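A.B. asks: Under this note's numbering, residues 10 to 337 are what the sequence shown spells out, in order.
Structure incoming, see below.
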Amino acid sequence: MARVLYIGAPEAPAAAFEAMVRATPAAQELACVDGHEAALAYAAGVEGASIEAMIGHHFQFDDALVARAPKLRWVQSLTTGTDQILRLRALGEDVVVTSTRGMHGPQMSELVFLHMLALARDFPRMQRNQAAATWERWPQPLLWGKTVVIVGVGAIAEALAPRCKAFGMTVVGVSGAPREIAGFDRVVVRAELADAVAEADFVVLIVPLAADTENLVDARVIGAMKPGAYLINAARGGVLDEDALLAALRQRRIAGAGLDVFRQQPLPADSPWWHEPGVIVTPLVGGMSDIYLQQAFPIVDANLRLFLAGRVGELHNAVARPRHTATT
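Encoded structure:
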């Protein structure tokens, strides 16, 4: 019976992963299914008793699935974020959780630029004019010369910062600890967050969700932003006080927002975000790409080889297991 269960998703289907591992030692130890329901069904059978490892996107894991694998020793997330996995009650304390940290820089950076350019140049207005066959021209704001404050300076920020510099922007990072990082004009600590956003034209959130980042960007921080500034959340819904943001937008205290993540996902049809002026909504696509599995495979393949060799303590991108993890 298979020791490793791979759970496929649209951007990383089971058949594609199975083909990639066919020539590796993992092939004989692997079962591949698509989606959470198929994984539940597989684990519910006699096969569940043999599962020692699971690979999949963080949103595919829940207590019901994990509880059906009593021998589980390792969970490999196909995403950088692992907060949803870490807070599972059924996850044993000795289970190692690893991420694909380091692979999302290109797509996350491009999503941030999509939002910055679309917000600054009012692309929704262009789309409305096109639908109405209206020829209207107005001055187009540049990113050049603007200041972007990036909240969270991990691997994604390290990919985003030099791209912002290439556009002629001033780049300020906000980190949990002071340090110098290539591509940033300077990096400040979180205690200086409100002061940092006060000079920003764009505030970009890519900080992980944890107990110390829940509601990190609250009414006080949003209130420190300039009236012409934009906020972009590509992190987790829980790091942002959405009510405070909505109030600031409706009172026109900031210019707009680009939101790829929300506290409630999928976003319900009656959510005010769908129709709020000055807001661009994208449906949690920041981490996606057309080559997702190719990007993730080197990390997953290396960890698979280590796991099957009994070297669990050497797995790459192992995530610290806090006793309590904040919810989204």
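Think of the CB as a built atom: it goes at the ideal place given N, C-alpha and C, for glycine as much as any other residue.
Here the structure is a predicted model, which means the values were calculated and not measured.
Our contact map puts I94 next to L87 with C-beta atoms below 8 Å; I'd like the distance itself, whole angstroms only.
C.D. replies: Rounded to the nearest angstrom, the Cβ distance from I94 to L87 is 11 Å, too far for a contact under 8 Å.
A.B. asks: Suppose the cutoff is 7 Å on Cβ atoms and the five residues either side in sequence are ignored; what does the same chain contact list for F68 look like?
C.D. replies: If you ignore the 5 residues before and after F68, its C-beta comes within less than 7 Å of the C-beta of Q93, all in its own chain and listed in chain order.
A.B. asks: When DSSP builds the beta bridges, which residues end up paired with N242?
C.D. replies: Answer by DSSP bridge pairing, in chain order: L214 and L268.
A.B. asks: Assuming G246 contacts M117 under a Cβ cut-off of 8 Å, what Cβ separation, rounded to an integer in Å, is found between them?
C.D. replies: Wrong, their Cβ atoms sit about 16 Å apart, outside the cutoff.
A.B. asks: Can you tell me whether V30 is helix, strand or coil according to DSSP?
C.D. replies: helix
A.B. asks: Would you give the residue range spanned by the beta strand (DSSP E) that S86 belongs to?
C.D. replies: W83 to S86
A.B. asks: For A164 and G114, I'd like the C-alpha separation in whole angstroms.
C.D. replies: 7 Å
A.B. asks: Using CA coordinates, which residue listed in H284, R262 and L240 is at the minimum distance from L126?
C.D. replies: Among H284, R262 and L240, the Cα nearest to that of L126 belongs to L240.
A.B. asks: Apply the 10 Å Cβ neighbour rule to Q304 and answer buried if 16 or more other Cβ atoms are within range, or exposed otherwise.
C.D. replies: By the neighbour-count rule (16 or more Cβ atoms within 10 Å), Q304 is buried.
A.B. asks: Ignore the nearest five residues each way along the sequence and tell me which others in V196's own chain have a CB closer than 8 Å to its CB.
C.D. replies: V162, V181, G182, V183, S184, P187, R188, E189 and I190
A.B. asks: Could you say which of I231, C173, A200 and Q274 lies nearest to Q260 if we only look at CA atoms?
C.D. replies: I231
A.B. asks: Quick check: what's the CA-CA separation for L258 versus T91?
C.D. replies: 30 Å
A.B. asks: Beta carbon of D250, beta carbon of D279: below 7 Å?
C.D. replies: no
A.B. asks: Pop quiz: I263 and A238 are said to be a contact at Cβ under 8 Å. What is the actual Cβ separation, rounded to whole angstroms?
C.D. replies: 5 Å
A.B. asks: In whole angstroms, what is the alpha-carbon distance linking L169 and A53?
C.D. replies: 42 Å
A.B. asks: Three or more C-beta pairs closer than 8 Å, one from the region 272-287 and one from the region 19-34: is that the case here?
C.D. replies: no
A.B. asks: What residue range is occupied by the uninterrupted beta strand (DSSP E) comprising R195?
C.D. replies: R195 to V198
A.B. asks: Within 10 Å of its beta-carbon, does W153 have 16 or more other beta-carbons around it, so buried, or fewer, so exposed?
C.D. replies: exposed
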